Amino acid sequence: MHLTRDFSHYVKDLGAGLKHIDLAVEGVSCAGCMAKIERGLSALPDVTLARVNLTDRRVALEWKQGTLDPAKFIDRLAELGYKAYP
């Protein structure tokens, strides 16, 4: 069975062609984790912001509208060794 991942109801339209989503990330425990996640997500094309909040264990992401499916962020975080969800 193939599951479709639709995160559109978690995405905010910021205007000016930008979108935003906040994701909870399991396993974030130090500044090194923050840097790894921020670098890994910022490397995706058209990501304009990737900022981790260590206290809340959440990442805020902004990207250019129409260029990325938010599921790509979940996949990229999994590649980096972290489980994430909206």
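Read the sequence shown against this note's numbering and you will find it ends at 104, with the numbers running on by one and no gaps.
Glycine is no exception: its CB is placed at the ideal position from the N, C-alpha and C atoms.
Please read all numbers here as calculations on a predicted model, not as lab measurements.
message: Using CA atoms only, rank isn't needed, just tell me which of 78, 83, 43 is closest to residue 36.
response: 83
query: For residue 44, which of 61, 79, 74 has the nearest alpha-carbon?
result: 74
task: Count the other C-beta atoms from every protein chain shown that fall within 10 angstroms of the C-beta of residue 63, then say buried if there are 16 or more, exposed otherwise.
output: exposed
query: If you count every other CB in all the chains shown that lies within 10 Å of the CB of residue 28, and 16 or more means buried, which is it?
result: Exposed, because fewer than 16 other Cβ atoms sit within 10 Å of the Cβ of residue 28.
task: Could you have a look at residue 96 and say whether DSSP puts it in helix, strand or coil?
output: helix
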